[in-house]
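First the structure, in the form of structure tokens, and then the observations on it.
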Amino acid sequence: MGEESVLSRIAESLFWIGRYLERADGTARILDVQLQLLLEDPWVDEDTACRALLGVMGSDVPADTPLDREGVLSLLAVNRQNPASIAYSLNAARENARRAREIVSSELWECLNTTTTRMPRKVASERVHDFFHWVRERTALAVGTNETVMSRDDAYHFFSLGLALERADMTARLLATRALTEVSGPSWTTILRSCGAYEAYLRTYRGVSSLRNAAEFLLVDRVFPRSVLFSMNRAIASLNALEPRTERIGAVDQALRVLGQAVSSLEYRPISEILDDLPHAMEGVQRATSAASEAVKQRYFPEQVVPTWAGERV
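Note that full-length UniProt numbering gives residue 17 to position 17 of the sequence shown, counting from 1, and the numbers run on in steps of one.
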């Protein structure tokens, strides 16, 4: 295996470690919100709500198969064969770390190894919230470890690029759940809390709560790290760090072009217009992150087999 192939393999692995860690974290946040709402609202049709949630997450269940809260938890949390599940993502992050063991720090490897070893195969109903909290803690530990010990070289920027693309996608999916049902969709306060954004939001808007302000904060805030715009700009910064632009006119990199167009659409479109068609707008964000991911694959590791999940839209 030549040096270029080795570097391509390592770049691919780091990119997907970032994506899979963020995917596990984002899925935990979405499920924590939605499954709690199903528990609290006795009037919602559980089968319909569960199918809508699986649709947002890119998973389908045959129409003749009954679906309930426990079924969603099994499919999207502990099912090790479902690419959209938390268990699958955490295991895939570990496997990619193993493939890039010469670059990945011992601290990150130990963190991922311990997390997958302790991943339960079943979660009791009364422990669901604790389980999602544990997932968020473990992914935060892994990302924080990497941020602390990794040199800011190309390897770091591939990790950061993967994380940023996935975060934009997962925040968009979380926002799309706002419109799952007119009756039982989560409140904006609930969504803000699930993103760890509530306190930062209150400081930014001085305690004035409104639907418009909350949507604006999670979509286009320039300094909150989980907003869609911040995440996309972070991905653009990583792409520029990997290959600084030298052309005088336009952008020749397809990933930069796709993300730049998506950022412009968010920045210059009135927030009220986005809210009027929120699911469609969030699908646009997901298509942009998927297309950017495919462009990164073609440019930096075309010979590698890059995994995708059912929810990605190219």
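C-beta: ideal position from N, C-alpha, C; glycine also.
Self-check item: Same chain, Cβ closer than 8 Å to Ala214, five either side skipped, listed in chain order
Solution: Along the sequence shown, read from residue 1 onward, the residue named residue 214 stands at position 214. Excluding sequence neighbours, Ala214 sits near Trp188, Thr189, Ile191, Leu192, Tyr201.
Exercise. Would you check if the region 22-37 and the region 79-94 touch, i.e. whether three or more CB-CB distances between them fall below 8 Å?
Key: With contact defined as three or more Cβ pairs closer than 8 Å, the region 79-94 and the region 22-37 are in contact.
Quiz item: Just the Cα atoms here: how many angstroms apart are Ser151 and Asn233?
Solution: As a working note, residue 151 is residue 151 in the sequence shown. As a working note, residue 233 is residue 233 in the sequence shown. For Ser151 and Asn233, the distance between alpha carbons rounds to 21 Å.
Quiz item: Looking only at C-alpha atoms, which of Asn91, Asn146, Val252 sits nearest to residue 317?
Solution: In this structure the chain extends from 1 to 314, so residue 317 is not present and cannot be described.
Exercise. Assuming Ile17 and Asn96 form a contact by the criterion Cβ under 8 Å, report the distance between their Cβ atoms to the nearest whole angstrom.
Key: Sequence index remark: in the sequence shown, residue 17 carries index 17 (1-based). Sequence index remark: in the sequence shown, residue 96 carries index 96 (1-based). Sure, about 5 Å apart at Cβ, within 8 Å.
Quiz item: Would Val228 be called buried (16 or more neighbouring beta carbons within 10 Å of its own) or exposed?
Solution: Locating residue 228 in the sequence shown gives position 228, counting from the first residue. Under this definition Val228 is a buried residue.
Quiz prompt | Proximity to Val285 [Cα-Cα], best of Val258, Ala77, Pro302 | solution = Within the sequence shown, the letter at position 285 stands for residue 285. Closest by alpha carbon: Val258.
Quiz item: Should the region 107-126 be called in touch with the region 242-260, which here means at least 3 C-beta pairs below 8 Å?
Solution: no
Quiz item: Alpha carbon to alpha carbon, what distance is there between Ala292 and Leu161?
Solution: Here residue 161 corresponds to residue number 161 of the sequence shown, with the count starting at 1. Here residue 292 corresponds to residue number 292 of the sequence shown, with the count starting at 1. Cα to Cα, Leu161 sits roughly 10 Å from Ala292.
Self-check item: the region 166-178 / the region 25-40 touching (three or more Cβ pairs under 8 Å)
Solution: yes
Practice problem: For Val149, count neighbouring C-beta atoms within 10 Å of its own C-beta (all shown protein chains included) and say buried if the count is 16 or more, exposed if not. | Solution: By one-based count along the sequence shown, residue 149 stands at place 149. Result: exposed.
Quiz item: For the putative contact between Thr171 and Leu211, defined by C-beta atoms under 8 Å, what is the C-beta separation to the nearest angstrom?
Solution: Taking the first residue of the sequence shown as 1, we reach residue 171 at position 171. Taking the first residue of the sequence shown as 1, we reach residue 211 at position 211. That belief does not hold up - the Cβ atoms of Thr171 and Leu211 are roughly 17 Å apart, past 8 Å.
Quiz item: Buried or exposed: where does Val56 fall if 16 or more other Cβ atoms within 10 Å of its Cβ makes it buried?
Solution: To locate residue 56, count along the sequence shown from 1; it is residue 56. Buried, since its Cβ has 16 or more Cβ neighbours within 10 Å.
Quiz item: In this structure, does DSSP put Ala200 in helix, strand or coil?
Solution: On the sequence shown, residue 200 is found 200 positions in, with the first residue counted as 1. DSSP places Ala200 in helix when its eight states are reduced to three.
Self-check item: C-beta contact flag for Leu67 and Asp47 at 7 Å
Solution: Here residue 67 refers to the residue found at position 67 when the sequence shown is read from its first residue. Here residue 47 refers to the residue found at position 47 when the sequence shown is read from its first residue. A contact, by the Cβ cut-off of 7 Å.
Self-check item: Same chain, Cβ closer than 8 Å to Phe230, five either side skipped, listed in chain order
Solution: Indexing the sequence shown from 1 puts residue 230 at position 230. Result list for Phe230: Asp221, Arg222, Val223, Phe224, in chain order.
Quiz item: Can you find a heavy atom of the ligand ADP that lies under 6 Å from the Cβ of Phe159?
Solution: As far as ligands go, the structure on display features none, and thus does not contain the ligand ADP.
Self-check item: Residue burial classification, Gln81 (beta-carbon count within 10 angstroms, cutoff 16)
Solution: As a working mapping, residue 81 is identified with position 81 in the sequence shown. Counting Cβ neighbours within 10 Å, Gln81 comes out exposed, since fewer than 16 surround it.
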